[in-house]
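Chains as they are written, first to last, in UniProt numbering: chain A, 1 to 256; chain B, 1 to 256. Glycine is no exception: its CB is placed at the ideal position from the N, C-alpha and C atoms.
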């Protein structure tokens, strides 16, 4: 596996001596969702001294629960995160892997009072189970050039809905997460306003699928994204959806 | 708390000396979803001898994690599950509480091959965490007379999406679960075909909300259900959605 710049970026964001709650989920939707313009400021925050120091787990990195499909697709996109120029220099490729953590910004509760217990124990819904392979195993890659986003998703045994198949709510959760990530990448911080999901064919429990998102249009504060969930060679459509996202200010996010 | 017939029904379905995997999730959507007509047959199954004997946990019963709103609304609906007639007899009320377990029908994988490990460890997505109060705490009541269904839902700290608020995917999961339960109650076994969800106002983590579902129409195999997610006194609308469900045969369910 190439030691891509994507991974390096992940490490720089997450290395010790900073509040590990910062930079783990910058917007109201899904996994780590950083618009390109905000990456530098997060990297600056990362070098600030902080009393807490530990290495948070990046859930988007491969682990022993990943099956062959999951690993193969990860390698496919990850190898395009960094390219070598003719003179041997390394530079960003067209894809970037987004690191993913299980905490959101501490003390940033959108103006809502939460008990200290809830606040300290809160975990991102899609990363709330530590047992590898049991629930949502996924990694998101974004492509700036094509304004496209893909997610490789392996559905664990704790996501059952219909017997032997993935729960419709777990599929909706991944769609919200990935379309929200893509909208954030394109437009900065957003909130989901609408999800319209058509379930075409159930997804067997334990299988790996691909979520592919693209921009439909932007109109003022609105960003329209569409998403298809297919099997790994894209020959079978499981689910398709559209998402409408509204841009919000950092004030919304920080409790204003 | 009244010892309602709803609870008695739950115990009869779940008591020992029968395969506890039977009757825990009769259809492809959400929690225990029994159309009225099938309850008698399930109760018959419950008295059959079976080599496995243990008491499965009914997740819809109150536990120490439930806050005052959750308990109050549970009591409100549960007290209407059983009424006393003038001559002191007890009979069903207009509401019924649906018990809820965390396993689906064993060996019923919709014709899909699953490894023994995945099959034996599979758990219903909304009941996959045993820690009380950590994730989805909910109870569903159905009203035959009004063709209505309500769900009291307390969102635990592991369901975070936007900082301090419930993940849009967790809300979608509850909507899928409750609209699917209602469609099953009205039409027998169904699969979700479409969910269209409008997110109006974020739900603070740890709070209790009410999901109210009603039938829009039935057309052949199609059942259209709408759903509103509000605060507990219904004064604030958090989310509204429609669901389209397609009737399936027991053959689909049993792997045909």
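Pairwise C-alpha distance: residue j and residue i
i, j, result
"residue 123 of chain B", "residue 158 of chain A", "5 Å"
"residue 91 of chain A", "residue 63 of chain A", "26 Å"
"residue 82 of chain A", "residue 59 of chain A", "20 Å"
"residue 57 of chain B", "residue 135 of chain B", "16 Å"
"residue 242 of chain B", "residue 199 of chain B", "12 Å"
"residue 187 of chain B", "residue 225 of chain A", "33 Å"
"residue 232 of chain B", "residue 209 of chain B", "5 Å"
"residue 195 of chain B", "residue 88 of chain B", "45 Å"
"residue 69 of chain A", "residue 175 of chain A", "20 Å"
"residue 108 of chain A", "residue 116 of chain B", "Reliability fails at residue 108 of chain A, whose pLDDT of 49 lies under 50, so the model's placement of it is uncertain and the value that follows must be treated cautiously. So the two alpha carbons sit approximately 43 Å from each other."
"residue 103 of chain A", "residue 142 of chain B", "36 Å"
"residue 133 of chain A", "residue 80 of chain B", "42 Å"
"residue 240 of chain A", "residue 234 of chain A", "12 Å"
"residue 121 of chain A", "residue 77 of chain B", "31 Å"
"residue 138 of chain A", "residue 119 of chain A", "25 Å"
"residue 204 of chain B", "residue 164 of chain B", "6 Å"
"residue 230 of chain A", "residue 238 of chain B", "31 Å"
"residue 153 of chain A", "residue 211 of chain A", "8 Å"
"residue 168 of chain A", "residue 172 of chain B", "9 Å"
"residue 197 of chain A", "residue 86 of chain A", "45 Å"
"residue 93 of chain B", "residue 145 of chain B", "10 Å"
"residue 215 of chain B", "residue 223 of chain B", "8 Å"
"residue 95 of chain A", "residue 140 of chain A", "10 Å"
"residue 129 of chain A", "residue 101 of chain B", "19 Å"
"residue 131 of chain A", "residue 65 of chain A", "9 Å"
"residue 125 of chain A", "residue 221 of chain B", "34 Å"
"residue 213 of chain A", "residue 127 of chain A", "21 Å"
"residue 219 of chain A", "residue 160 of chain B", "28 Å"
"residue 245 of chain A", "residue 84 of chain B", "51 Å"
"residue 61 of chain B", "residue 73 of chain B", "12 Å"
"residue 228 of chain A", "residue 217 of chain B", "28 Å"
"residue 71 of chain A", "residue 75 of chain B", "50 Å"
"residue 273 of chain B", "residue 177 of chain A", "Here chain B has residues from 1 to 256 only, and residue 273 of chain B is not among them."
"residue 55 of chain A", "residue 97 of chain B", "46 Å"
"residue 236 of chain B", "residue 236 of chain A", "41 Å"
Contact set between residue i and chain A, taken where Cβ atoms lie within less than 7 Å
i, result
"residue 124 of chain B", "160"
"residue 238 of chain B", "Going along chain A, no residue has its Cβ under 7 Å from residue 238 of chain B, so there is no contact; the nearest lies around 12 Å."
"residue 62 of chain B", "By Cβ distance, chain A contributes nothing, its closest Cβ being about 20 Å from residue 62 of chain B, past 7 Å."
Integer Cβ distance of residue i from residue j, believed to fall under 8 Å
i, j, result
"residue 166 of chain B", "residue 248 of chain B", "With 8 Å as the limit, residue 166 of chain B and residue 248 of chain B do not qualify as a contact, their Cβ atoms being about 30 Å apart."
"residue 162 of chain B", "residue 202 of chain B", "6 Å"
"residue 257 of chain B", "residue 155 of chain B", "In the structure as shown, chain B starts at 1 and stops at 256, and residue 257 of chain B therefore has no counterpart that could be examined."
"residue 206 of chain B", "residue 114 of chain A", "6 Å"
Under 7 Å from the C-beta of residue i: neighbouring residues of chain B
i, result
"residue 121 of chain A", "157"
Contact list for residue i against chain B, beta-carbon separation under 8 Å
i, result
"residue 67 of chain A", "Result: empty, since nearest Cβ-Cβ is about 10 Å, beyond 8 Å."
Within chain A, the residues that residue i reaches when beta carbons sit closer than 9 Å
i, result
"residue 199 of chain B", "191, 192, 193, 194, 195"
"residue 210 of chain B", "Those within 9 Å of residue 210 of chain B in chain A number zero; the least Cβ separation is about 18 Å."
"residue 188 of chain B", "Ordered by position in chain A, no residue passes the 9 Å Cβ test against residue 188 of chain B, which lies about 14 Å from the chain."
"residue 88 of chain B", "Correct list: empty, because the minimum Cβ distance to chain A is about 43 Å."
Contacts of residue i in chain B (Cβ-Cβ under 9 Å)
i, result
"residue 167 of chain A", "29, 30, 124, 125, 126, 173, 176, 177"
Chain-ordered chain A contacts of residue i [CB-CB under 8 Å]
i, result
"residue 170 of chain B", "125, 169, 173"
"residue 115 of chain B", "206"
Original post:
Which runs of the beta strand (DSSP E), 3 residues or longer, sit entirely within the UniProt domain "Thioesterase" (164-234) of chain A?
Top reply: DSSP runs (the beta strand (DSSP E)) wholly in the UniProt domain "Thioesterase" (164-234) of chain A: 190-199, 208-219, 222-231.
**OP:** Mind listing, in chain order, the continuous alpha helix (DSSP H) runs of no fewer than 4 residues lying wholly within the region 59-135 of chain A?
**Re:** With a minimum length of 4 residues, the continuous alpha helix (DSSP H) runs that stay inside the region 59-135 of chain A are 68-78, 116-121.
**OP:** State whether the region 144-154 of chain B contacts the region 177-191 of chain B, with contact taken as three or more CB pairs (one from each stretch) at a distance under 8 Å.
**Re:** These segments touch.
**OP:** Note down, in chain order, all residues in the region 211-225 of chain B with a beta-carbon under 8 Å from any beta-carbon belonging to chain C.
**Re:** Absent from the structure is chain C; the protein chains it does hold are A and B.
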